[in-house]
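Colleague: Right, I'll just put the structure down here and ask away after.
Number of protein chains: 2
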Amino acid sequence: MTKRNAYTMRDVARLAGVSISTVSAVVNNKGIVGPDLTAVVQKAITAMNFSPHAGARGLRIGKTNILGLVVQDITNPFFVEALRGVEDEAIKHGYEVLVCNSNDQPDLELRHLNALYTQRVDGVLLATCDSYAARQALVRDRAPIVFIDCVPMKAEVNCVVTDNYDSCYNAIRYLIGLGHERIAVISGRLVHSTSIARVEGCRKAMQEVNLPVLEESLREGDSHIESGYRIGLTLFQSPDPPTAIFTLNNRMALGILRALRELQIPCPERVSVMSFDDADWAEVFNPSLTTIKQPTYEIGKAAVELLLQSIQSASDETTLEPRQILLKSTLCARDSTAPVAKS
Amino acid sequence: MTKRNAYTMRDVARLAGVSISTVSAVVNNKGIVGPDLTAVVQKAITAMNFSPHAGARGLRIGKTNILGLVVQDITNPFFVEALRGVEDEAIKHGYEVLVCNSNDQPDLELRHLNALYTQRVDGVLLATCDSYAARQALVRDRAPIVFIDCVPMKAEVNCVVTDNYDSCYNAIRYLIGLGHERIAVISGRLVHSTSIARVEGCRKAMQEVNLPVLEESLREGDSHIESGYRIGLTLFQSPDPPTAIFTLNNRMALGILRALRELQIPCPERVSVMSFDDADWAEVFNPSLTTIKQPTYEIGKAAVELLLQSIQSASDETTLEPRQILLKSTLCARDSTAPVAKS
DNA sequence: CCACGATGTCGAAACGATTTTATGTAGTAA
DNA sequence: TTACTACATAAAATCGTTTCGACATCGTGG
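So the sequences go chain by chain: A and B.
Count along the first sequence from 1, then add 89; that gives the number in the numbering used here.
Count along the second sequence from 1, then add 89; that gives the number in the numbering used here.
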């Protein structure tokens with residue numbers, strides 16, 4: 090069905106009584122075909138509901154007009170919003186987007202990258218799930234690539250990320266400003282460059298005011314609700330629980346809140362909670378949640394812009410210095426954070 | 090870059106000292122090449138990091154191994170979870186997925202469908218944003234199609250949906266069982282078959298117990314937070330406010346909850362809230378939200394299975410009766426619903 | 001009246017894979 | 001030895017486009 094009844098340029102040419110190359114010229118409106126013939130061809134095209142075969146076109150011109158996007162976890166609203174930015178920008182430039190979810194599995198990510206290469210996508214956007222694997226080597230000389238959110242360690246690559254370090258530095262400063270001294274930080278998995286940068290930012294802020302950086306209150310989660318919940322429970326069973334918790338991802342914040350509710354610990358009276366990543370429910374929550382909001386949509390958009398430049402320069406045979414784009418976040422102060430209670 | 094350095098079968102053949110057809114036979118392991126030669130070819134393939142050009146292959150065999158997925162609104166977690174189901178199942182059968190977001194705009198949806206046809210995808214999964222437009226005509230004789238979630242009105246098509254009618258019937262019965270008589274229903278836009286079916290289910294349950302179906306408490310929203318909020322506000326400014334609210338989508342429930350908080354109306358003491366669509370925050374909310382949980386992942390999975398059958402039968406030239414698959418939902422009773430308060 | 005760009009159209013050769021047909025080489029039996 | 005079967009490989013046609021060079025037509029200026 091798919092191809093049986095599909096009309097080709099030859100059919101159109103026959104119906105219009107012109108040659109194939111004329112049809113091609115009309116389809117790609119090269120402007121070298123006379124207006125009367127153009128009209129005839131156009132009529133034939135619409136009559137047959139003809140649409141050119143992208144695969145054949147791609148084979149000939151060596152370009153598919155498809156971009157690949159590989160994300161760690163499509164379940165995370167962060168990546169969905171980035172995807173929107175990617176898609177909108179891609180469409181604007183006539184590209185389609187092949188979306189792959191690696192589900193935080195490096196081998197699946199690799200498989201996706203290989204599949205994208207087989208499809209000969211013109212470029213790849215990658216939110217890698219393992220900053221230590223040398224992914225960039227795998228795609229080198231295959232297709233231009235731009236990393237988003239999570240980038241390879243110590244490698245000069247094109248990437249677009251939030252300024253994680255600064256964001257977290259500011260977040261902790263904010264908590265310190267409220268009088269908190271016992272601050273727990275719950276990070277995502279430390280194989281992600283994002284997590285590492287965020288933790289560093291937190292550390293810096295604490296050290297700056299000579300707060301002891303409590304290793305036991307720096308916990309590594311896995312970005313899912315369960316880990317936040319579990320860590321929350323143990324954190325409050327310790328003899329000297331924190332007065333503020335900063336989760337480096339929004340779903341772990343949900344876990345913390347569940348733990349608090351279960352333990353009947355009032356927020357923000359006894360403990361302040363703050364989270365990286367904003368979400369639509371954050372404002373409606375009771376108490377509404379203080380968050381750091383990333384310019385998520387813009388990350389996707391900027392990444393595509395960078396990728397298209399990269400593709401362009403590759404076809405020009407010019408070399409382009411890898412660019413690192415850092416985007417600023419916003420601190421959304423709400424009700425889940427409050428000055429530390431006197432004890 | 091993309092194609093400059095890309096090796097072809099000819100290169101592999103040259104390196105291995107065999108003919109192109111032999112390489113092809115090895116790549117598609119047809120099992121007709123001797124074991125020793127196969128080894129030689131394999132070595133050449135890995136040495137060159139060769140991977141076949143999907144476009145060329147597709148051109149020849151008339152199959153791209155790509156499926157298209159068009160959704161109304163990728164921002165809605167429902168579609169993300171369905172997407173996961175689609176992708177996992179697609180990968181399992183060697184397909185890639187081209188994801189498109191129509192953003193609830195019929196013209197954008199149409200544009201996406203045309204683009205997918207141009208790409209010659211082997212099949213399309215469509216969550217249409219307008220049940221009244223005759224989308225199926227547009228794709229007929231182009232590619233097999235399976236509708237998910239939102240289907241065209243009065244048309245015999247392949248589709249996979251939740252049993253919306255029954256789900257809502259049961260939901261309202263549940264509220265009635267708690268003693269509620271003044272029940273407000275907030276639907277999504279009534280151009281979606283889902284909304285229509287859900288409203289019908291609600292109506293049936295109310296009529297069955299001779300509850301007056303209050304047209305003024307049946308409000309049409311647009312599935313976004315704002316509309317829930319706005320409707321919530323007006324609903325409680327009416328002289329005789331409802332004792333229970335059932336939103337037919339989870340984001341509108343967020344809007345309702347915001348309105349309740351702003352108006353200082355306690356839930357569930359003064360009003361019970363219930364929502365279609367479960368979400369990860371629903372359980373953590375305060376009070377935790379009673380929801381109807383759809384088998385979202387399964388919808389995606391089932392849709393791909395159906396689509397692959399459809400593709401198969403199309404290439405067999407056999408005809409297949411359109412199938413409608415109805416999946417059951419689950420009622421998750423939590424704290425936001427309670428017996429009606431005595432006044 | 002011829003030479004000459006300019007303009008507009010066409011024919012044919014790619015692009016990289018698959019598949020059919022043809023060819024070659026052994027091995028077996030008459 | 002010859003013929004015939006098997007089997008492994010080679011060559012060529014094909015899929016639907018794009019694009020380059022060729023060709024025809026025409027008006028203009030010499």
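The C-beta atom is built at its ideal place from N, Cα and C for all residues, glycine as well.
Every value quoted in this text rests on a predicted model; they were computed, and no experiment measured them.
State the DSSP-derived secondary structure class of residue 168 (chain B), mapped to helix, strand or coil.
Modeller: The count along the second sequence starts at 1 and reaches residue 168 (chain B) at position 79. Correct three-state label for residue 168 (chain B): helix.
Colleague: Going by DSSP in three states, residue 455 (chain A) sits in which element: helix, strand or coil?
Modeller: Nothing can be reported for residue 455 (chain A): it is not among the residues displayed for chain A, which extend from 90 to 432.
Colleague: What does the Cβ neighbour count give for residue 326 (chain B), buried or exposed, with the cut at 16 atoms within 10 Å?
Modeller: Numbered from its first residue, the second sequence carries residue 326 (chain B) at position 237. Residue 326 (chain B) is exposed by the Cβ-count criterion.
Colleague: Excluding the 5 residues flanking residue 216 (chain A) on each side, which residues of the same chain have their C-beta closer than 6 Å to its C-beta?
Modeller: On the first sequence, position 127 is the one that residue 216 (chain A) refers to. Cβ neighbours of residue 216 (chain A) beyond the five flanking positions: 160, 161, 237, 238 and 239.
Colleague: Which residues in the same chain as residue 242 (chain B) place their Cβ atom closer than 7 Å to its Cβ, once the five residues preceding and following it in sequence are excluded?
Modeller: Position 153 of the second sequence, counted from the first residue, corresponds to residue 242 (chain B). Taken in chain order, the residues that qualify are 220, 221 and 282.
Colleague: When the distance is taken between beta carbons, is residue 337 (chain B) closer than 9 Å to residue 380 (chain B)?
Modeller: Here residue 380 (chain B) refers to the residue found at position 291 when the second sequence is read from its first residue. Here residue 337 (chain B) refers to the residue found at position 248 when the second sequence is read from its first residue. Not a contact, by the Cβ cut-off of 9 Å.
Colleague: Which same chain residues, not among the five before or five after residue 285 (chain B), have their C-beta less than 7 Å away from its C-beta?
Modeller: Within the second sequence, numbered from 1, the residue matching residue 285 (chain B) stands at position 196. Counting only Cβ-Cβ distances below 7 Å, and skipping sequence neighbours, we find 279.
Colleague: Does the region 302-313 of chain B touch the region 356-376 of chain B, meaning 3 or more C-beta pairs lie closer than 8 Å?
Modeller: Result no; under three Cβ-Cβ pairs closer than 8 Å.
Colleague: Please return the same chain residues whose Cβ sits closer than 7 Å to the Cβ of residue 206 (chain A), not counting the five positions on each side in sequence.
Modeller: The residue labelled residue 206 (chain A) in the question sits at position 117 within the first sequence. Here the set comprises 231 and 232.
Colleague: Tell me residue 275 (chain A)'s beta-bridge partners as DSSP assigns them.
Modeller: Residue mapping note: residue 275 (chain A) aligns to position 186 of the first sequence, counting from 1. Residue 275 (chain A) pairs with A:308 and A:336.
Colleague: What residues from the region 182-196 of chain B come within 7 Å of chain A, judged by C-beta to C-beta, listed N to C?
Modeller: The residues in question are 185, 186, 187, 188 and 190.
Colleague: Along the chain, where does the beta strand (DSSP E) containing residue 291 (chain B) start, and where does it finish?
Modeller: Locating residue 291 (chain B) in the second sequence gives position 202, counting from the first residue. Where residue 291 (chain B) is concerned, there is no enclosing beta strand (DSSP E), although the alpha helix (DSSP H) it sits in stretches over 282-297.
Colleague: So, does the CB of residue 316 (chain A) fall closer than 9 Å to a CB anywhere in chain B?
Modeller: As a first step, residue 316 (chain A) is located in the first sequence; it is residue number 227 there, counting from the start. Output row for residue 316 (chain A): interface = no.
Colleague: Below 8 Å on C-beta distance, what does residue 153 (chain A) contact in chain B?
Modeller: Working through the first sequence from its first residue, we reach residue 153 (chain A) at position 64. Under the 8 Å cutoff, chain B gives 144.
Colleague: By the criterion of Cβ-Cβ separation under 9 Å, what are the contact partners of residue 375 (chain A) in chain B?
Modeller: On the first sequence, residue 375 (chain A) is found 286 positions in, with the first residue counted as 1. Ordered by position in chain B, the residues that pass the 9 Å Cβ test against residue 375 (chain A) are 346, 350, 374, 375 and 376.
Colleague: Under 9 Å Cβ-Cβ, which residues of chain B neighbour residue 104 (chain A)?
Modeller: In the first sequence, the residue the question calls residue 104 (chain A) occupies position 15. Residues of chain B passing the Cβ test: none, with the nearest at roughly 17 Å.
Colleague: How big is the Cα-Cα spacing for residue 118 (chain B) and residue 127 (chain B)?
Modeller: Residue mapping note: residue 118 (chain B) aligns to position 29 of the second sequence, counting from 1. Residue mapping note: residue 127 (chain B) aligns to position 38 of the second sequence, counting from 1. Rounded to the nearest angstrom, the two C-alpha atoms are 9 Å apart.
Colleague: Check whether the Cβ of residue 340 (chain A) lies closer than 9 Å to any Cβ atom in chain B.
Modeller: The residue given as residue 340 (chain A) occupies position 251 in the first sequence. Answer yes: the Cβ-Cβ gap between residue 340 (chain A) and chain B drops below 9 Å somewhere.
Colleague: Got a sec: is the Cβ-Cβ distance from residue 208 (chain A) to anything in chain B below 9 Å?
Modeller: Looking up residue 208 (chain A) in the first sequence gives position 119. It does; some Cβ of chain B falls within 9 Å.
Colleague: Contact criterion: CB-CB distance below 9 Å. Does residue 331 (chain B) meet it with respect to chain A?
Modeller: Taking the second sequence and counting its residues from 1, one reaches residue 331 (chain B) at position 242. Not closer than 9 Å to any Cβ of chain A, the Cβ of residue 331 (chain B) fails to qualify, so no.
Colleague: Which residue spans inside the region 91-116 of chain A form an unbroken alpha helix (DSSP H) run of at least 4?
Modeller: For the region 91-116 of chain A, whole alpha helix (DSSP H) runs of length 4 or above, ordered along the chain, are 98-105 and 109-116.
Colleague: Leaving aside the five residues before and after residue 179 (chain A) along the sequence, list all residues of the same chain whose C-beta is less than 8 Å from its C-beta, in chain order.
Modeller: Reading the first sequence from its first residue, position 90 is the one you call residue 179 (chain A). 156, 185, 186 and 393.
Colleague: Could you tell me if residue 89 (chain A) is buried or exposed, where buried requires 16 or more neighbouring beta carbons within 10 angstroms of its beta carbon?
Modeller: Because residue 89 (chain A) is not part of the residues shown, which for chain A are 90 to 432, the question remains open.
Colleague: Does DSSP put residue 185 (chain B) in a helix, in a strand, or in coil?
Modeller: Against the second sequence, residue 185 (chain B) aligns to sequence position 96. In this structure, residue 185 (chain B) counts as strand in the three-state DSSP scheme.
Colleague: How about residue 391 (chain A) and residue 414 (chain A): are their beta carbons less than 9 Å apart?
Modeller: Taking the first sequence and counting its residues from 1, one reaches residue 391 (chain A) at position 302. Taking the first sequence and counting its residues from 1, one reaches residue 414 (chain A) at position 325. Yes; because the gap between Cβ atoms is below 9 Å, this pair is in contact.
Colleague: I believe residue 258 (chain A) touches residue 294 (chain A) by the beta-carbon criterion, under 8 Å. Please report the beta-carbon distance rounded to the nearest angstrom.
Modeller: As a working note, residue 258 (chain A) is residue 169 in the first sequence. As a working note, residue 294 (chain A) is residue 205 in the first sequence. Rounded, the Cβ-Cβ distance is 5 Å, consistent with contact.
Colleague: For the alpha helix (DSSP H) that residue 378 (chain A) lies in, which residues bound it at each end?
Modeller: Mapped onto the first sequence, residue 378 (chain A) falls at position 289. Per DSSP, residue 378 (chain A) belongs to no alpha helix (DSSP H) and is neither H nor E.
Colleague: If the cut-off is 7 Å on Cβ atoms, which residues from the region 168-182 of chain B count as contacting chain A, listed in chain order?
Modeller: Taking 7 Å as the Cβ-Cβ cut-off against chain A, the residues of the region 168-182 of chain B that qualify are 169, 172, 173 and 176.
Colleague: Flag residue 147 (chain B) as yes if its beta-carbon sits less than 9 Å from any beta-carbon of chain A, otherwise no.
Modeller: Position 58 of the second sequence, counted from the start, is the residue given in the question as residue 147 (chain B). Output row for residue 147 (chain B): interface = yes.
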